[in-house]
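Written out below as structure tokens is the structure these notes cover.
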Amino acid sequence: MDRERDLEEYNDILDYLYKTLHFITIIKRYDIWGAGNLWGILAIFREQLNELEEKVKNAFKIIISSLESGKLIEIPEQLFDFQWTPPLLITEIQRYWDKLVNIANTYEEICREWNLPTYMGDELT
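When we follow the numbering used here, the leftmost residue of the sequence shown carries the number 315, and every step to the right adds one.
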């Protein structure tokens with residue numbers, strides 16, 4: 315009974331990771347990433363997106379291979395900062411999504427301000 319419950323929990327996690335990879339693939343196709351040279355924060359976000367994609371792919375492979383072998387899941391350290399448990403990885407994914415949502419606010423408040431006749435616009439130019 316416990317084994318079935320564990321498999322079901324990991325199936326939910328796999329579904330979440332699969333959806334995450336799907337959306338990462340879509341986001342990586344956006345042409346905005348070409349503006350990384352103009353607005354440095356985009357280059358940082360692109361690098362973080364690549365790192366997150368790699369972590370999700372690694373976690374996906376580990377879970378699949380562990381479920382196929384029927385052994386308890388043992389997660390090796392893949393990167394020096396990669397502390398793996400499903401809740402930590404899901405939290406990291408959600409944090410990154412929050413950062414992506416905040417790009418619009420940052421652009422609105424800072425980048426557009428460069429061209430407006432305001433105190434901040436004068437200071438930025």
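In this text, a Cβ means the ideal position worked out from N, Cα and C, and glycines have one as well.
In terms of Cα proximity to Lys342, the closest of Leu352, Tyr324, Glu368, Leu363 is Leu363.
Ranked by how close their Cα comes to the Cα of Thr420, the residues Leu335, Phe359, Leu402 have Phe359 in first place. Note on Ile377: 16 or more other CB atoms within 10 angstroms of its CB, so buried under the neighbour-count rule.
A direct Cα-to-Cα measurement between Gly354 and Lys375 gives close to 32 Å.
7 Å or more divides the Cβ of Thr334 from the Cβ of Ile417. Annotated three-state conformation of Gly348 is helix, per DSSP. As the crow flies, the alpha-carbon of Ile424 is around 18 Å from that of Trp347.
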